[in-house]
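In our numbering, the protein residues as written are 35 to 204.
Beta carbons: idealized from backbone N, C-alpha and C, even for Gly.
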């Protein structure tokens with residue numbers, strides 16, 4: 035699991051929100067990201083622009099959370115979606131290699147989203163929540179593209195074992 039958490043910024047426009055991610059979008063960032071987006075969905079946001087212009091890298095856990103949230107939006111009563119603004123080359127390659135680039139549209143303008151507010155992290159996430167989130171994210175990636183099963187089979191097995199161990203110890 036990565037050691038640095040990305041910074042999240044939000045501009046909320048009602049039915050549409052922009053979430054800017056700077057730094058390393060990794061498993062540590064995935065739980066706060068999911069929490070922020072779910073909070074915006076509860077407030078009525080259905081369409082999200084993910085500003086990735088300063089996102090140095092994205093790991094598979096974060097990506098799986100993103101795909102899961104995108105799927106949730108697409109299946110909601112009032113369908114919504116994520117659009118990606120200026121994903122870096124490394125992020126674009128990851129999306130393509132995992133066969134999920136076509137799930138997202140890319141846009142060239144953020145429009146009015148120049149004033150974004152920083153989202154404060156609540157501190158270190160609970161280890162069991164991180165493991166559960168990572169396991170769910172990898173299962174989502176496998177479900178999104180069956181070719182990912184080979185890539186993440188051992189990861190999911192390890193996470194399942196780690197989760198069982200942590201829950202037994204907890």
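In the three-state DSSP reduction, residue 180 falls in the coil class, being neither helix nor strand.
Judged by DSSP secondary structure, residue 141 falls within the beta strand (DSSP E) whose first and last residues are 139 to 141. Minimum Cα-Cα distance from residue 117 among the listed residues 180, 57, 139 corresponds to 139. In the pairwise beta carbon analysis, the stretch 82 to 101 is classified as touching the stretch 49 to 58: at least three pairs are separated by under 8 angstroms. By the criterion of a C-beta distance shorter than 8 angstroms, residue 165 is surrounded in its chain by 193, 196, 197, 200, once the five residues flanking it on both sides are discounted. Of the other Cβ atoms in all chains shown, fewer than 16 fall within 10 Å of the Cβ of residue 187; this residue is therefore exposed. Inclusion of residue 60 and residue 88 in the CB contact set at 8 angstroms is not warranted, their separation being larger than that value.
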